[in-house]
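**Q**
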Ligand SMILES: CC(C)(COP(=O)(O)OP(=O)(O)OC[C@H]1O[C@@H](n2cnc3c(N)ncnc32)[C@H](O)[C@@H]1OP(=O)(O)O)[C@@H](O)C(=O)NCCC(=O)NCCS
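Residue numbers (my numbering): 3 to 178.
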């Protein structure tokens with residue numbers, strides 16, 4: 003098994019098409035524009051015998067909270083093409099290694115039904131955090147319903163700061 007780590011602005015058309023198609027198959031729609039909105043993101047492809055088995059991304063996000071600014075990597079676009087064969091878990095281990103190498107924390111949002119998967123991959127599930135995130139750009143984007151927040155501490159212990167009080171957490175990009 004091989005891992006390819008690729009900067010968003012270096013993705014090939016074929017890689018973008020592949021992810022678009024997988025998202026359509028998975029969700030019936032694709033809300034991501036990889037070409038336009040993910041140029042700064044880092045993509046992870048797990049490849050075996052020339053075929054991609056799982057992929058995901060980390061997106062640089064600036065957050066402001068209690069008058070302080072922090073950098074975090076947003077975990078998103080996690081899909082195992084073939085499910086139940088351990089590919090998702092290997093991918094999440096590769097992403098943990100990357101976060102540790104960058105000394106940065108990873109944060110993502112997920113449906114309650116998938117939280118267990120991330121927990122099995124060694125990520126923390128943080129309750130009550132998702133509705134504290136907001137993105138203001140003309141109008142305010144906020145998650146209406148509570149979602150699971152998955153977290154991995156890559157060394158900066160960001161979560162202990164975010165849990166100091168219940169203030170809103172502003173992001174400089176739309177919620178990923
Ligand atoms: C979620 C997903 C990435 C998991 O990938 P996968 O390759 O099927 O998972 P793995 O085979 O590596 O499973 C790892 C462990 O998690 C468990 N697991 C996998 N999917 C799970 C789920 N949906 N709920 C609970 N546990 C799950 C497995 O049983 C396994 O447990 P074990 O380590 O005790 O054996 C995959 O199902 C997927 O692509 N789903 C659709 C897209 C999606 O929902 N992505 C997440 C967006 S937040």
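All C-beta atoms in this analysis are idealised placements derived from N, C-alpha and C, irrespective of residue type, glycine included.
Between 67, 113 and 37, which has its C-alpha nearest residue 127's C-alpha?
**A** Taking the first residue of the chain shown as position 1, residue 127 is located at position 125. Selected option, being the one with the closest Cα: 113.
**Q** Just the C-alpha distance for residue 144 and residue 64, rounded to the nearest angstrom, thanks.
**A** Locating residue 144 in the chain shown gives position 142, counting from the first residue. Locating residue 64 in the chain shown gives position 62, counting from the first residue. Straight-line Cα distance between these residues: approximately 16 angstroms.
**Q** From the DSSP output, read off the bridge partner residues of residue 11.
**A** Walking along the chain shown from the start, residue 11 turns up at place 9. In DSSP, residue 11 forms no bridge with anything.
**Q** Cβ atoms of residue 94 and residue 125: under 8 angstroms apart, would you say?
**A** Position 123 of the chain shown, counted from the start, is the residue given in the question as residue 125. Position 92 of the chain shown, counted from the start, is the residue given in the question as residue 94. Yes, they are a contact pair.
**Q** Between residue 5 and ligand 1, is there a pair consisting of the residue's CB and a ligand heavy atom that are separated by less than 7 angstroms?
**A** Taking the chain shown and counting its residues from 1, one reaches residue 5 at position 3. Flag unset: Cβ of residue 5 not near ligand 1.
**Q** Buried or exposed, going by whether 16 or more other CB atoms sit within 10 Å of the CB of residue 71?
**A** Stepping through the chain shown from its first residue, residue 71 is reached at position 69. Per the 10 Å Cβ criterion, exposed.
**Q** Would residue 2 pass as a contact of residue 36 if the rule is Cβ separation under 8 angstroms?
**A** With the chain covering only 3 through 178, there is no way to say anything about residue 2.
**Q** List the endpoints of the continuous beta strand (DSSP E) containing residue 76.
**A** The residue given as residue 76 occupies position 74 in the chain shown. Its beta strand (DSSP E) spans residues 70–82.
**Q** Is the region 87–103 close to the region 131–139, with three or more CB pairs under 8 angstroms?
**A** Cβ pair count under 8 angstroms is below three, so no.
**Q** Find out if the Cβ-Cβ distance for the pair residue 110, residue 161 is shorter than 8 angstroms.
**A** For the purposes of this step, residue 110 is taken as the residue at position 108 of the chain shown. For the purposes of this step, residue 161 is taken as the residue at position 159 of the chain shown. Going by C-beta atoms, residue 110 is not nearer than 8 angstroms to residue 161.
**Q** If we call anything under 8 angstroms between Cβ atoms a contact, is residue 10 one with residue 31?
**A** Locating residue 10 in the chain shown gives position 8, counting from the first residue. Locating residue 31 in the chain shown gives position 29, counting from the first residue. No, the Cβ-Cβ distance between residue 10 and residue 31 is not below 8 angstroms.
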